[in-house]
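Residue numbers (this note's numbering), protein chains in the order written: chain A, 951 to 1167; chain B, 10 to 81. Here's the structure, in structure tokens; my notes come after.
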Amino acid sequence: MTEQLTNTPAFPRLNEPAPEFEAVTTQGTVRLSDYRDSWLILFSHPADFTPVCTTEFIAFAEIYPELQKRGVELLGLSIDSVYSHIAWLRNIEEKTGVHIPFPVIADLNKEVASKYGMVQEGASKTEAVRAVFIIDPKGILRAMIYYPLTTGRNMQEILRLIDALQTSDKYQVATPANWQPGDKVVLPAPNTIELVEQRFESDLEIVDWYLAKKVLE
Amino acid sequence: MACINPDGTLTPSAQAVLKAAETPCSPTEIAKAANLPLFRVRSSLRELVEAGLLREENGSFTLTGEGRARLN
Chain A
951 MTEQLTNTPA FPRLNEPAPE FEAVTTQGTV RLSDYRDSWL ILFSHPADFT PVCTTEFIAF
1011 AEIYPELQKR GVELLGLSID SVYSHIAWLR NIEEKTGVHI PFPVIADLNK EVASKYGMVQ
1071 EGASKTEAVR AVFIIDPKGI LRAMIYYPLT TGRNMQEILR LIDALQTSDK YQVATPANWQ
1131 PGDKVVLPAP NTIELVEQRF ESDLEIVDWY LAKKVLE
Chain B
10 MACINPDGTL TPSAQAVLKA AETPCSPTEI AKAANLPLFR VRSSLRELVE AGLLREENGS
70 FTLTGEGRAR LN
């Protein structure tokens, strides 16, 4: 029982402060608090100089301008040295012409990976899984995605998730399945009879009292 | 250190941060003036304060005498 508890990775929790850290990166030492007032995507990859990770880094670099328009910074992480990161990022640029503009944490002692549940022994005892953490400008963890070692992440889904979170914050609405910017959004369900009756008198698109959609102006 | 090279010279980004802090300013103002992301500026400010090249007063950063000398 004790062994089971020891081997269980710590997982951060949604809507709670993201675990603070200070880490060596390819752009100097950064702390999570350095990202306050910006959105942050903290993501881990299994290892430098590996095929799927290389395609992901190129893909993250490609969406970086779109992320910046949304006030989002990127921060990578793997359990490799900063020298390995530097060599790999330079190799990516040399071989593909793609510059990686964001910093990458060298988490050799797994300090950050441990706080975020990035090392999952069923997948690998030495490498981080493909995790994505979206942290808002107040330092609150708003979304988590975990992918297995074999599957590269979908950048359009990450952008969509950022758009959905920012839309929810701005308009106090939720977003339905497969929502894309410009689609109708969903309103929170009314919690009193009076609010239900009001809803039926509104010009919302009503499926039933608990499911109403509207177009954002 | 991302701001100070092993030979003691300043990196280009550190020079940009110091130059922006010639008049007292906030990290956000320095980021805008130096054209650097805010997280990089906060990280650099920490190093430059520790190295004695900048000082902080009420959230505003300004050059120390040594910082001014290194910039010139």
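Just so it is clear, CB atoms sit at the ideal spot from N, CA and C, and this is done for glycine as well. What you are looking at is a predicted structure, and each value in this text was computed from that prediction instead of being measured.
Residues near residue i in its chain [Cβ-Cβ closer than 7 Å; skip 5 each side]
{"i": "tryptophan 1038(A)", "result": "Asp998, Phe999"}
{"i": "valine 1165(A)", "result": "Lys1134"}
{"i": "threonine 1004(A)", "result": "Ile1042"}
Buried or exposed (CB count within 10 angstroms, at least 16 for buried), residue i
{"i": "threonine 952(A)", "result": "Note that threonine 952(A) scores 48 on pLDDT, short of 50, meaning its location in the model is unreliable and no value can be drawn from it."}
{"i": "isoleucine 39(B)", "result": "buried"}
{"i": "glutamine 1106(A)", "result": "exposed"}
{"i": "histidine 1035(A)", "result": "buried"}
{"i": "tyrosine 1171(A)", "result": "This structure cannot settle anything about residue 1171(A), because the visible part of chain A is limited to 951 through 1167."}
{"i": "asparagine 1046(A)", "result": "One detail in the question is off: residue 1046(A) reads as threonine in this sequence, not asparagine. The residue in question, threonine 1046(A), is exposed, as its Cβ has fewer than 16 Cβ neighbours within 10 Å."}
{"i": "glutamate 1006(A)", "result": "buried"}
{"i": "aspartate 984(A)", "result": "buried"}
{"i": "phenylalanine 1150(A)", "result": "exposed"}
{"i": "glycine 76(B)", "result": "buried"}
{"i": "proline 1015(A)", "result": "exposed"}
{"i": "alanine 11(B)", "result": "buried"}
{"i": "asparagine 1104(A)", "result": "exposed"}
Cβ distance (whole Å) where residue i is taken to contact residue j below 8 Å
{"i": "glycine 61(B)", "j": "threonine 71(B)", "result": "No, glycine 61(B) and threonine 71(B) are not in contact; Cβ-Cβ is about 13 Å, not under 8 Å."}
{"i": "threonine 979(A)", "j": "glutamate 972(A)", "result": "6 Å"}
{"i": "proline 996(A)", "j": "serine 1074(A)", "result": "7 Å"}
Chain B contact residues for residue i, given Cβ-Cβ distances below 7 Å
{"i": "aspartate 984(A)", "result": "Phe48, Arg51, Ser52"}
Chain A residues whose Cβ lies nearer than 8 Å to that of residue i
{"i": "alanine 11(B)", "result": "Gln977, Gly978, Thr979"}
Residues of its chain near residue i, where Cβ-Cβ distance is below 8 Å and the 5 sequence neighbours each way are ignored
{"i": "isoleucine 13(B)", "result": "Leu19, Thr20, Ala23, Glu56, Ala60"}
{"i": "leucine 1091(A)", "result": "Pro962, Arg963, Leu964, Asn965, Glu966, Pro967, Ala968, Phe1083, Ile1084, Ile1085"}
{"i": "serine 1152(A)", "result": "Ala1162"}
{"i": "serine 69(B)", "result": "Pro33, Cys34, Ser35"}
{"i": "tyrosine 1121(A)", "result": "Val1135, Leu1166"}
Near the ligand MN: residue i beta-carbon under 7 Å from a heavy atom
{"i": "arginine 1110(A)", "result": "Only the bare structure without any ligand can be found here, which leaves the ligand MN out of the picture."}
Nonlocal neighbours in the same chain, by C-beta distance under 6 Å from residue i, ignoring five residues either side
{"i": "phenylalanine 1052(A)", "result": "Leu1024"}
{"i": "tyrosine 1160(A)", "result": "Ala1139"}
{"i": "alanine 1081(A)", "result": "Ser994, Met1068, Tyr1096"}
Listed by chain order, chain B residues near residue i by CB distance under 9 Å
{"i": "serine 988(A)", "result": "Pro46, Leu47, Phe48"}
{"i": "glutamate 1006(A)", "result": "By Cβ distance, chain B contributes nothing, its closest Cβ being about 21 Å from glutamate 1006(A), past 9 Å."}
CB contact below 8 Å: residue i versus chain D
{"i": "glutamate 1023(A)", "result": "No chain D is present in this structure, whose protein chains are A and B."}
Pair every Cβ in the stretch 1016 to 1029 of chain A with every Cβ in the stretch 1052 to 1065 of chain A, then say whether three or more of these pairs are closer than 8 Å. yes
For the pair the stretch 1005 to 1012 of chain A and the stretch 1111 to 1118 of chain A, tell me if three or more CB-CB distances fall below 8 Å. no
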